[in-house]
Every structure is written in structure tokens, then in C-alpha cells.
Amino acid sequence: MAQGAPAAARQIGTVKAVSGNTLTLATDNGSQVSVSVAEGARILQLAPGSTDLKSAQQIALSDIAVGDRVLVTGKAADDSSFAASRVILMKSTAIAQKNESEKADWQRRGAGGLVNAVNGTTLTISSGTKKIQVETTAATKFRRYAEDSVKFEDAKPGTLDQIRAGDQLQVRGNKSEDGSTIQAEEIVSGTFKNLAGTIATLNPAANTMTLKDLATKKTMTVSVTANSDLRKLPPEMAARLAARARGGASSNGERGAGGPPPQGAAGAGTPHEAGAMGRPARAEGGDLSQMLSRLPTETLADLKTGDAVMIVATELTPGSDKVTAVTMLSGVEPILAAAPSGSPAMTLSPWNLGGGAAAAESAGGPQ
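In terms of this note's numbering, the sequence shown opens at residue 5 and continues consecutively.
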């Protein structure tokens, strides 16, 4: 019996250069590929979020521009080149428009906070002092943050079973009139450790520090890596936030630590037969965690023993006293002095700490 033809190779990524019939593609796996588009190749344009190639519009090679997202299928060579027989494209301008729409929707219909309880298909989260009931269904889309990243684009497909009490969770869906219940369409969650305290020792050579966590009274060893995001809170901002903490107003309501989603919506940026999912968008104003991306950066060398810090970290092993910093904020002495140990004012919401508004893009493509 005759063997079937081998499946065509494919690459997906962002166009970095166009020269004649050759595209330079920065792929999603971090490599760079020179793509030669064969004469007669099918070049199709999909709208962001489209799930059906039947809706694609046939276009010319000259319509492809730098910044566009493409999926190419064809034959790969050993020299990092690729001969494409089909190109499926999403225009960068269309992606940007879709991202703005996603951002507005997350701000309008989003909520988030710490998971208090998981009861079957219902989750209870706390957003500051407010409790929100999250109702999930078989249609709810779940994503899970990577262990070492709070960037939405690093999140992977997840399940309801992965969510535990204490997790950070962001949800989008239709809310009840009083905002106490939300019908979840999309959920992004992750397990992170929140620390707050003063630096006891510093070892810049080893990129580590120790501190006594105010909530647990445990001494923790914190590793700082190239991916750790270190920020400094200006004194005047720290004073304002401390005043709010003393007044019990910190992180209240939907614009608290789990308030409307972080900025930088995105998504729909990858050609994918199942469509693409937008990322949460950072809320304007609000609490400490929502301001972080605008704060000045610093390094471990800028810190000294006795400095107060707030940290979002990942554990090397559950229950370990060794963690890796994802985000660290210094200059928080007034906040820690004003806030009771373990209060929401001492917690950074990690979905607000992921840096820029890069598109959240799936790795697949039309079949």
C-alpha cells in the first residue's frame, strides 16, 4: 500500500525583513529563519481571532510587511532556510486593533485576586476586602503562569484542577450587578509566594539575599536572576500608599490588588485554528501593583542591608526557605510600617508585574 506524503514542515513568528520573495522570520522558538516564498505559493490573510481558513482573503506577497505575524508551511533545509508553499498572515495593524479591543474588554469585564477556596466548578477569590465568586463552565478557557514568569505570553494552557487556594487569579466574564459574581470565560492563574520584610544579608557575588518574612516570621533566601524585575518606589508614592493602608483603603474594591486586569492586552496575534486569547490589560491608577511598570528599575547592587522590600517569588520546592525573585520592590518601609502583617497592602499582584504589553500568542497554526 502506498505511503502517504510526509506532513509539511511549518514555522510561525514575526516578519523582521522583506526582500523580494524572501522573508526573514523571527520564530516563536527564538530562532531566525530565511523563508523563500515559492512562485505560486498561496498567501492568505486571516483576521485576528479567526478560526476558519475559509474566511481568509488571498493576497499578494507585496502585502506582507515587517511586524506582521505569519505561519509558513513548506520544506525546511539544514541551513536555517525554508521554502514556503503557503503563507498565512495576520497584519500587525489588525492585531493592534484587536489588542485594544481585548484591553478594553478586560478592563470592563475583568476581576482578579487571591483564591480563597475551590468548590467544584466555583472559585472564591478576594480582591482587597471584597469577595468574588467565580463560576466556571466547560467552555471556560484556562491558562497557567509559568513557574518562573508572570508574563502572560509565557502562560500555558491550564485546567481548573490546577487552581489551589492561595493562587493568584485573573478572570474575564460577565459580572453580576453588584460585582460579587462573575461567569468566567477566561481565567489566568498561578502559584506565587509573596514576601515582605527587611534585608538581613546581601551577597551580590552569588546574586542572593536573605530576609525575615513579616507574615510567616521565616528567614528566606532569595535568588535574583537576570529575569528578576527589581523596582524602587519613590518616597512620596510610598507615603501616599502607607496613608491608604492606615485608613484601610488599600486594595479595596475592583481596583484593588485584584482589580481590573493589567494593561497591554493582546493576543489574537498568532494564526491559530482555535483562535488566540487576549491577555489581561493593566488598569489605570489604582493600587501599588498597578503602578509598578512605571517605577524606576534598580539592581541588587543598589540595595543594602536594612532596606525593606516586597517580593513576588517562586519556590524551588514547596515549603522551601529558598525562593527565586520574580519581582522585587524596594522603598516600601512606610507601607510595611502601616500595614498589618499579611494584609493585602503587603501583597503584589503578579499579573501586573510582567513588563511590557507583548502579545499573548499561541504556538499553533491552521492545519
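We put the CB at the ideal spot given by N, CA and C, even for glycine.
- Counting C-beta pairs with one atom in each stretch, the segment 230-238 and the segment 200-209 have fewer than three that are closer than 8 Å, which means they do not touch.
- Per DSSP, I136 is one residue of the beta strand (DSSP E) stretching across K134 to E139.
- The three-state secondary structure of P239, taken from DSSP, is helix.
- Counting of Cβ neighbours within 10 angstroms places P161 among the exposed residues, the total staying below 16.
- Taking every protein chain shown into account, the CB of L320 has fewer than 16 other CB atoms within 10 angstroms, so this residue is exposed.
- For the set D72, G78, A88 and E240, the Cα lying nearest the Cα of S96 is the one of D72.
- If you draw a straight line from the Cα of F86 to the Cα of S40, it comes to about 6 Å.
- P52 is classed as buried because its beta carbon has at least 16 other beta carbons within 10 Å across all chains shown.
- Per DSSP, T321 has no beta bridge partner at all.
- Straight through space, the alpha carbons of G335 and E302 are spaced by roughly 11 Å.
- In this structure R168 is exposed. Its beta-carbon is surrounded by fewer than 16 other beta-carbon atoms within 10 angstroms.
- When the Cα atoms are used, V37 and S89 turn out to be separated by approximately 15 Å.
- Within the same chain, and ignoring the five residues on either side of G310 in sequence, the residues whose Cβ sits closer than 7 Å to its Cβ are T202 and I203.
- DSSP links R176 through a beta bridge to G114 and E190.
- Closest option to G116, judged by alpha-carbon separation, among K197, K236, G183 and T220: G183.
- Distance from the CA atom of G34 to the CA atom of A312, rounded to whole angstroms, is 37 Å.
- CA-to-CA, the gap between I47 and L75 works out to about 10 Å.
- If you draw a straight line from the Cα of E139 to the Cα of L237, it is about 36 Å long.
- Here A64 is exposed: its Cβ has fewer than 16 other Cβ atoms, across all protein chains shown, within 10 Å.
- By the CB criterion at 8 Å, A200 and P338 fall outside the cutoff.
- Approximately 7 Å separates the beta-carbon atoms of G114 and Q174; this is inside 8 Å, confirming the contact.
- Counted as a single uninterrupted DSSP element, the stretch harbouring L93 is not any alpha helix (DSSP H) but the beta strand (DSSP E) occupying residues S85 to M94.
- Here S324 is exposed: its Cβ has fewer than 16 other Cβ atoms, across all protein chains shown, within 10 Å.
- Note that the C-beta distance between G78 and V119 is not below 8 Å.
- The three-state reading of DSSP puts A100 in helix, counting H, G and I together.
- With 16 or more other Cβ atoms inside 10 Å of its own Cβ, G177 counts as buried.
- DSSP places I339 in the uninterrupted alpha helix (DSSP H) bounded by E337 to A342.
- In the structure shown, the three-state DSSP call for A247 is helix.
- In the three-state scheme derived from DSSP, where H, G and I count as helix and E and B as strand, R298 is classed as helix.
- Under the three-state reduction of DSSP output, L75 falls in the strand class.
- The Cβ atoms of T328 and S193 lie no closer than 8 Å to each other.
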